[in-house]
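Participant: Sending over a structure as structure tokens; questions will come in a sec.
There are 4 protein chains.
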Amino acid sequence: MRHKDEHKQKAIIDATVKLVNETGFAAASVAKIAREAGVSPATLYVYYKNKEDLLVSTYVEIKRKFGVAVTREYDPTLPIRDKLARFWRNAFVAIQEEQALFQFSEQFARTPYADLVPPEVMEEYFGPIFDTLREGIRQKIIKDLPIEILSVFMFQPVMQLANPKICAAFGKEPGDVDLAFTLAWDAIKL
Amino acid sequence: MRHKDEHKQKAIIDATVKLVNETGFAAASVAKIAREAGVSPATLYVYYKNKEDLLVSTYVEIKRKFGVAVTREYDPTLPIRDKLARFWRNAFVAIQEEQALFQFSEQFARTPYADLVPPEVMEEYFGPIFDTLREGIRQKIIKDLPIEILSVFMFQPVMQLANPKICAAFGKEPGDVDLAFTLAWDAIKL
Amino acid sequence: MRHKDEHKQKAIIDATVKLVNETGFAAASVAKIAREAGVSPATLYVYYKNKEDLLVSTYVEIKRKFGVAVTREYDPTLPIRDKLARFWRNAFVAIQEEQALFQFSEQFARTPYADLVPPEVMEEYFGPIFDTLREGIRQKIIKDLPIEILSVFMFQPVMQLANPKICAAFGKEPGDVDLAFTLAWDAIKL
Amino acid sequence: MRHKDEHKQKAIIDATVKLVNETGFAAASVAKIAREAGVSPATLYVYYKNKEDLLVSTYVEIKRKFGVAVTREYDPTLPIRDKLARFWRNAFVAIQEEQALFQFSEQFARTPYADLVPPEVMEEYFGPIFDTLREGIRQKIIKDLPIEILSVFMFQPVMQLANPKICAAFGKEPGDVDLAFTLAWDAIKL
DNA sequence: AATGAATGAGATTTCATTCAT
DNA sequence: TATGAATGAAATCTCATTCAT
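Residue numbers (the numbering used here), protein chains in the order written: chain A, 147 to 336; chain B, 147 to 336; chain C, 147 to 336; chain D, 147 to 336.
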């Protein structure tokens, strides 16, 4: 018997991301995704239970990738501010480098589909960030507020800044990222 | 598509928002929207040219409503910080009060459909906000950065904070909103 | 608005019966039925909720027709034997005249679909037959056995005899039917 | 398709019968049958040419089994009535013991597939029964009618009586079967 | 012999829209 | 204006079967 073809798996995910980004969730049909991926629509059902499974799995996989990218080179010995700065810069770079994946995840996250993803999954991928914020609070460096709220001020802006559709002007000059981080930091620091 | 039966018009918009929120754009079919609104599918085409027109019009209408709500009681004589604080609070209250409309607009905005809406429309609704930021820069009260970037730090967080799915803990206590505004202000103030 | 087209309704039922008889339940697809009926597959779903509804409704309708035909000219004053003879002859004629409908119902009845039909429906259509058998028992003309068992001996044979595939030789000669009824009567009479 | 793995062969037949009985011919797909049997869909094609072959072979095999069961302990020296009584009782017991196989064969026999089975095959399995009826006619013990018609009156009822779905009340008491045979015998005896 | 992967063809059903009233 | 009927096109998914191992 044959083995599952890793190449096909990747082609399907890429096609899904591309089509959803270009045409939206509503118009991204299984047939079109399959054609884009160069496989038969039936083949898609060898890899995924159904369309929902395809979309949710793709989302989770993307979130995992970003989780890895953002927490890359995590150094627990750094000062709080530097740790957060690294996460911030990592996030900015990752989003810039994988615009398509990011756009997909942003679109997906606003969809009712998103409720199907268990929250533990997300928690796992971004744990170090939350830990760092908690540590900052304990050390009285960061304002004593719920983690979700601090996260919103710290990381929501970077997601917009890295999106050239929204902030075309941003990120071209060296120093832009450090400057923007300062704003985020100013928001949450004590 | 004007002045036919206002009551039916509203029923259709409400049904559209409800269905898109609950089932997503892909599953919100004309037939289901019509059933939810208590009219025939054909009736829908009396009010809107086609499905795209229905969705885009609904979005623009929602944005208009939020524009009005956010810039309500605009007082040009107030200090910069107080003007922004009012926008902020208005936004928070408006989102809280019209969760469904807000959710729809968030979902819609990430859709390729959103590109069909001319940017001037948005500019018109939220003009006073941009003016205020520009004025703050001139007065050297706010950091001298592109308006889009300041907007991101100032208003992106409130959109998340007002969403109980993301920040369940927020907004229950009096003072929450003022406190949160302080964070946003700290980010952009000089 | 338009009205539902009785002609189309009938065309769909006829097409269903024809295709199921000729190709079996498995091969009788909605598309083929629609084509045979001269309507769009989508139109079929205006009249029936889904394929199962189409098949079950068709079956119930056929049973109703046969119920009417078998109990036609029911005369409560006749002797038991004559009443049963009339049911018997009616059944034979009805089956002969509507071979296709009968074949469909026979095939359907052996299908798991048949369990979806509530038994009261059948009871209603064939009530007079059961009443007559009960009366015969009371009058000590018929063997005192459960109605189902008597029914089996009385009416199962006629269903086979009227089927030319099984009994090609039967029913050509006048007197065949009366003769065959005698066998059924001999089985259940005291 | 002979003598590979008898165990697998049996598993496939059992799965076929089970699925056809529970979900009908239309829904009994090769994939589901294979899963139920615990083999790969491809394996099925080692044993049978195609799906049709699987179904027809299963039917013929079941008919063979019932033929053997019904004519078991055939004693040519017995009187006509006793020979038929034995066939009758054998049939009743066989159907009762192999409800699933019987249900499958009943369902299959009404299907257009059934026309693919050459009639000689059936004749071979049930030959002794037909011989006995012919003998009875010759001895002027049984009514002089075509064999098919006598068969219908003699054996159609037992097929229904042994089906608990139709005759739930029947067969529980000792003597039920003998009593019922009397009815069948009364129908055809001179 | 046995199998999981792969697929073209086709299944059922729903879609957005128009028609006739 | 308002609508239920009607439909071609397209949706998702499963089918029986073959392939490569």
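Quick reminder that beta carbons are idealized off the backbone N, C-alpha and C, glycines included.
Hey, would you say the C-beta of P225 (chain C) is under 6 Å away from at least one heavy atom of the ligand MG?
Facilitator: For the ligand MG, the structure offers nothing, since it holds no ligand at all.
Participant: Do M300 (chain B) and A330 (chain B) have their beta-carbon atoms positioned less than 7 Å apart in this structure?
Facilitator: Numbered from its first residue, the second sequence carries residue 330 (chain B) at position 184. Numbered from its first residue, the second sequence carries residue 300 (chain B) at position 154. Yes, Cβ-Cβ distance for A330 (chain B) and M300 (chain B) is below 7 Å.
Participant: To be precise: take each residue of the segment 254–285 of chain C, compare its Cβ to all Cβ atoms of chain D, and keep it if any distance is under 7 Å. Which residues remain?
Facilitator: So the close ones are R256, T257, P258, Y259.
Participant: Could you tell me which uninterrupted alpha helix (DSSP H) segments, each at least 4 residues in length, are contained entirely in the segment 161–236 of chain A, listed from first to last along the chain?
Facilitator: For the segment 161–236 of chain A, whole alpha helix (DSSP H) runs of length 4 or above, ordered along the chain, are 176–183, 187–193, 197–216.
Participant: Give a yes or no on whether 7 Å exceeds the smallest Cβ distance from Q242 (chain B) to chain A.
Facilitator: The residue given as residue 242 (chain B) occupies position 96 in the second sequence. Answer no: the Cβ-Cβ gap between Q242 (chain B) and chain A never drops below 7 Å.
Participant: Between E266 (chain C) and the rest of its own chain, which residues show a CB-CB distance below 6 Å, the 5 nearest in sequence each way excluded?
Facilitator: Working through the third sequence from its first residue, we reach residue 266 (chain C) at position 120. Nothing meets the Cβ criterion.
Participant: Using 8 Å as the threshold, is the segment 278–285 of chain B in touch with the segment 310–317 of chain A, meaning 3 or more CB pairs across them?
Facilitator: Not touching, per the Cβ criterion.
Participant: Indicate whether at least one CB of chain D lies closer than 7 Å to the CB of T329 (chain C).
Facilitator: Here the question's residue 329 (chain C) lines up with position 183 in the third sequence. The residue asked about is misnamed: residue 329 (chain C) is Leu in this sequence, not Thr. By this cut-off, L329 (chain C) is an interface position.
Participant: By the criterion of Cβ-Cβ separation under 8 Å, what are the contact partners of T169 (chain C) in chain D?
Facilitator: The count along the third sequence starts at 1 and reaches residue 169 (chain C) at position 23. Correct list: P258.
Participant: Among D:Q155, D:L200, D:P292, D:H153, which residue has its Cα nearest to the Cα of V176 (chain D)?
Facilitator: The residue labelled residue 176 (chain D) in the question sits at position 30 within the fourth sequence. Of the candidates D:Q155, D:L200, D:P292, D:H153, the one whose C-alpha sits nearest the C-alpha of V176 (chain D) is D:L200.
Participant: Report yes or no: is there a C-beta of chain C within less than 7 Å of the C-beta of Q245 (chain D)?
Facilitator: As a first step, residue 245 (chain D) is located in the fourth sequence; it is residue number 99 there, counting from the start. No, because no Cβ of chain C sits closer than 7 Å to the Cβ of Q245 (chain D).
Participant: Do three or more CB pairs link the segment 178–189 of chain D to the segment 179–186 of chain C at distances below 8 Å?
Facilitator: Touching, no.
Participant: Which class does K311 (chain B) belong to by DSSP, given the choice of helix, strand or coil?
Facilitator: Start at 1 with the first residue of the second sequence, and residue 311 (chain B) comes out as number 165. Coil, per DSSP.
Participant: Quick check on the burial criterion: 16 or more other C-beta atoms within 10 angstroms. Buried or exposed for N236 (chain B)?
Facilitator: Translated into the one-based positions of the second sequence, residue 236 (chain B) becomes position 90. By the neighbour-count rule (16 or more Cβ atoms within 10 Å), N236 (chain B) is buried.
Participant: For L190 (chain B), is the classification buried or exposed, using 16 other Cβ atoms within 10 angstroms of its Cβ as the cut-off for buried?
Facilitator: Taking the second sequence and counting its residues from 1, one reaches residue 190 (chain B) at position 44. Burial call: buried.
Participant: Thinking just about the alpha-carbon of each residue, which of B:I159, B:I287, B:I295 is nearest to the one in D228 (chain B)?
Facilitator: Locating residue 228 (chain B) in the second sequence gives position 82, counting from the first residue. Minimum Cα distance to D228 (chain B) is reached at B:I287.
Participant: Any C-beta of chain C sitting closer than 7 Å to the C-beta of V163 (chain D)?
Facilitator: As a first step, residue 163 (chain D) must be located in the fourth sequence, where it is residue number 17. Judged by the 7 Å Cβ criterion, V163 (chain D) is not in contact with chain C.
Participant: Rounded to whole angstroms, what's the CA-CA distance from V304 (chain A) to P320 (chain B)? Just pull it up for me.
Facilitator: As a working mapping, residue 304 (chain A) is identified with position 158 in the first sequence. As a working mapping, residue 320 (chain B) is identified with position 174 in the second sequence. If I take the Cα positions, the gap works out to 29 Å.
Participant: Taking C-beta pairs closer than 8 Å, name the residues in chain C that K307 (chain D) reaches, listed in chain order.
Facilitator: On the fourth sequence, position 161 is the one that residue 307 (chain D) refers to. The residue you asked about is not Lys; residue 307 (chain D) is Leu in the sequence shown. Those within 8 Å of L307 (chain D) in chain C are I295, V298.
Participant: Look at the alpha carbon of L165 (chain C) and the alpha carbon of A246 (chain C), and state the distance between them as a whole number of angstroms.
Facilitator: Stepping through the third sequence from its first residue, residue 165 (chain C) is reached at position 19. Stepping through the third sequence from its first residue, residue 246 (chain C) is reached at position 100. So the alpha carbons of these two residues sit roughly 10 Å apart.
Participant: Alpha carbon to alpha carbon, how far is D261 (chain D) from R210 (chain D)?
Facilitator: In the fourth sequence, the residue the question calls residue 261 (chain D) occupies position 115. In the fourth sequence, the residue the question calls residue 210 (chain D) occupies position 64. Distance between the alpha carbons of D261 (chain D) and R210 (chain D): 17 Å.
Participant: Is it the case that the Cβ atoms of D171 (chain D) and A172 (chain C) are separated by a distance below 7 Å?
Facilitator: Numbered from 1 along the fourth sequence, position 25 holds the residue referred to as residue 171 (chain D). Numbered from 1 along the third sequence, position 26 holds the residue referred to as residue 172 (chain C). The sequence shown places Phe at residue 171 (chain D), not Asp. In contact: F171 (chain D) and A172 (chain C) (Cβ atoms closer than 7 Å).
Participant: Beta carbons nearer than 8 Å to chain D: which residues of the segment 196–207 of chain C have them?
Facilitator: For the segment 196–207 of chain C, which is checked against every Cβ of chain D, not one residue is closer than 8 Å.
Participant: Just how far apart, CA to CA, sit A291 (chain B) and D324 (chain A)?
Facilitator: For the purposes of this step, residue 291 (chain B) is identified with residue 145 of the second sequence, where counting begins at 1. For the purposes of this step, residue 324 (chain A) is identified with residue 178 of the first sequence, where counting begins at 1. Note on residue identity: the sequence assigns Leu, not Ala, to residue 291 (chain B). The straight-line gap from Cα to Cα measures roughly 13 Å.
Participant: Whole angstroms are fine: how far does the CA of G184 (chain C) sit from the CA of Q285 (chain D)?
Facilitator: Translated into the one-based positions of the fourth sequence, residue 285 (chain D) becomes position 139. Translated into the one-based positions of the third sequence, residue 184 (chain C) becomes position 38. About 58 Å.
Participant: Taking the alpha carbon of E219 (chain D) as the point to measure from, which residue in D:F212, D:E207, D:R232, D:I208 has its own alpha carbon closest?
Facilitator: For the purposes of this step, residue 219 (chain D) is identified with residue 73 of the fourth sequence, where counting begins at 1. Here the closest residue by C-alpha is D:R232.
Participant: Determine, using beta carbons only, whether A183 (chain B) comes closer than 7 Å to chain A.
Facilitator: As a first step, residue 183 (chain B) is located in the second sequence; it is residue number 37 there, counting from the start. Closer than 7 Å: no.
Participant: Any C-beta of chain B sitting closer than 7 Å to the C-beta of Q155 (chain A)?
Facilitator: Counting from 1 along the first sequence, the entry for residue 155 (chain A) is found at position 9. No, its Cβ sits nowhere closer than 7 Å to a Cβ of chain B.
Participant: With 7 Å as the threshold, decide whether the Cβ of A172 (chain C) is near any Cβ in chain D.
Facilitator: Numbered from 1 along the third sequence, position 26 holds the residue referred to as residue 172 (chain C). Interface residue, yes.
Participant: List the endpoints of the continuous alpha helix (DSSP H) containing M268 (chain A).
Facilitator: For this step, residue 268 (chain A) is matched to residue 122 along the first sequence. M268 (chain A) -> alpha helix (DSSP H) spans 265–284.
Participant: So, is the C-beta of E252 (chain A) closer than 7 Å to a C-beta in chain B?
Facilitator: In the first sequence, residue 252 (chain A) corresponds to position 106, counting from 1. Interface residue, yes.
Participant: Which residues in the same chain as R148 (chain D) place their Cβ atom closer than 6 Å to its Cβ, once the five residues preceding and following it in sequence are excluded?
Facilitator: The residue labelled residue 148 (chain D) in the question sits at position 2 within the fourth sequence. Residue placement at R148 (chain D) is flagged as unreliable, the pLDDT there being 47, under the threshold of 50; a coordinate-derived value is accordingly withheld.
Participant: For F316 (chain A), which of helix, strand or coil comes out of DSSP?
Facilitator: As a working mapping, residue 316 (chain A) is identified with position 170 in the first sequence. Three-state result, F316 (chain A): coil.
Participant: Could you give the C-beta distance for A333 (chain A) and A188 (chain B), rounded to a whole number, given that I count them as a contact under 8 Å?
Facilitator: Residue 333 (chain A) sits at position 187 when you count from the first residue of the first sequence. Residue 188 (chain B) sits at position 42 when you count from the first residue of the second sequence. Rounded, the Cβ-Cβ distance is 52 Å, inconsistent with contact.
Participant: Tell me which residue opens and which closes the alpha helix (DSSP H) that A260 (chain D) is part of.
Facilitator: Residue mapping note: residue 260 (chain D) aligns to position 114 of the fourth sequence, counting from 1. Careful: A260 (chain D) lies outside any alpha helix (DSSP H) and carries neither H nor E.
Participant: Based on the DSSP output, what are the partners of I288 (chain A) in its beta bridges?
Facilitator: Residue 288 (chain A) sits at position 142 when you count from the first residue of the first sequence. Answer by DSSP bridge pairing, in chain order: A:K335.
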